[in-house]
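Quick notes on the structure that follows.
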Amino acid sequence: MDKLAIGIDMGGHYIKAALIEGEKFLRRWEEPTFKTRTVEGVIDQLQGIVKQLQPPGYVLPVGVGVPGFLDMDREHVVLLPNFPGWEGLPLKSMLEDGLKTDVAIENDANCFALGEGLAGLAKGLKNLVAITLGTGIGGGIVLDGKLLKGAHGYAGEPGHMAFGKDEPCGCGCRGHLEAISGTDAMEKRAIRLGLPDDMEVLWPRRKEAAVAEIIRPSLNAIAKAIASIVHLLDPEMIILGGGFSRAEGLLQELKPLVQSYLVPHFRDTFRLEISSLGNDAALLGAASLVQDRSTTAA
Numbered sequence: 046m047d048k049l050a051i052g053i054d055m056g057g058h059y060i061k062a063a064l065i066e067g068e069k070f071l072r073r074w075e076e077p078t079f080k081t082r083t084v085e086g087v088i089d090q091l092q093g094i095v096k097q098l099q100p101p102g103y104v105l106p107v108g109v110g111v112p113g114f115l116d117m118d119r120e121h122v123v124l125l126p127n128f129p130g131w132e133g134l135p136l137k138s139m140l141e142d143g144l145k146t147d148v149a150i151e152n153d154a155n156c157f158a159l160g161e162g163l164a165g166l167a168k169g170l171k172n173l174v175a176i177t178l179g180t181g182i183g184g185g186i187v188l189d190g191k192l193l194k195g196a197h198g199y200a201g202e203p204g205h206m207a208f209g210k211d212e213p214c215g216c217g218c219r220g221h222l223e224a225i226s227g228t229d230a231m232e233k234r235a236i237r238l239g240l241p242d243d244m245e246v247l248w249p250r251r252k253e254a255a256v257a258e259i260i261r262p263s264l265n266a267i268a269k270a271i272a273s274i275v276h277l278l279d280p281e282m283i284i285l286g287g288g289f290s291r292a293e294g295l296l297q298e299l300k301p302l303v304q305s306y307l308v309p310h311f312r313d314t315f316r317l318e319i320s321s322l323g324n325d326a327a328l329l330g331a332a333s334l335v336q337d338r339s340t341t342a343a
């Protein structure tokens, strides 16, 4: 079996996984994340998931996308906001010990970017930026065909670009994009205004004055962030993923806002798209981290 591996997207609410050969999905699995989110509990959970996906007679390498900051060598956790107490853990070696196989870990939004470049709308492009819009806001940057990690491994975090004022961010700072435009942040503002705390309910009502007071500033901040990224990196494409990216009409709302912030000569080359792969992009990217590694018999 050529390039056979397991890709895992380790979310705060759900863990998604797949058995992937090349770019082909052979089996899928999804279940709620272990409630207490302890590292021991999650590793036990991943053991069960890998057992469900792994073909009899094989020990497959596993790539895992994790929602937060990792060190430059992709061995230790720096910060996983949805998994408190994991800071400093040697996650790669702990997973290898628990799963009894070769493991690679990477930021989940970076996995999303890799997957889009392999098989999504950005396939074949050398310069792209992927942004995930959901509870939080993440990002992955591919320049000259390579994932950009930065000097310390932290590059590609649009959710922590500072476009606000005093809005509290989950990272402990204030005024970050995620604190304005993450769906959790928007739903919290809705509660304060006596509105439903559910974006699936709020989004179709976005033209109403009270709801627009919540959504308009959030879209405006996302547009500013995208325009800033375009000016800084000049990518061939910016591709959006995550739950909020699938809101009907989002692209039609965002594009004119982004255009309004772009220097004129960037407007002709600017390309903004919604992922065609959805959740599959992160799984494909995670699996790609280890598909060149050996598959062994059990």
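Position one of the sequence shown corresponds to residue 46 (the numbering used here), numbered consecutively onward.
For every residue, glycine included, the Cβ atom is placed at its ideal position computed from N, Cα and C.
- The beta carbon of GLU76 lies closer than 8 Å to those of TYR59, ILE60, GLN90 and ILE94 in the same chain, with the five residues before and after it left out.
- Taking ALA196 as reference, the option from LEU124, LEU115 and GLY227 with the minimal CA-CA separation is LEU115.
- For ALA266, the closest of LEU163, GLY130, LEU178 and ARG82 by C-alpha to C-alpha distance is LEU178.
- GLY323 and CYS156 do not touch by the CB rule: their CB atoms are close to 13 Å apart, not below 8 Å.
- For HIS121 against LEU140, the beta-carbon gap comes to about 12 Å, at or over 8 Å, which does not count as contact.
- Straight across, the Cα-Cα distance linking VAL107 with GLN336 is about 9 Å.
- Around the beta carbon of VAL187, a 10 Å sphere encloses 16 or more other beta carbons of the protein chains shown; the residue is thus reported as buried.
- The C-alpha of ILE236 lies about 35 Å from the C-alpha of ILE88.
- In this structure, the beta-carbon distance from LEU134 to VAL174 does not fall below 8 Å.
- Less than 8 Å divides the Cβ of ILE283 from the Cβ of ILE271.
- Relative to the Cα of GLY181, the nearest Cα in the group VAL111, LEU163 and VAL303 belongs to VAL111.
- Here ILE225 has PHE208, GLY209, GLU212, PRO262, SER263 and ALA266 as same chain residues with Cβ atoms under 7 Å from its own Cβ, once five neighbours each way along the sequence are excluded.
- Between SER333 and GLY165 the beta-carbon gap is near 12 Å, outside 8 Å, which marks them as no contact.
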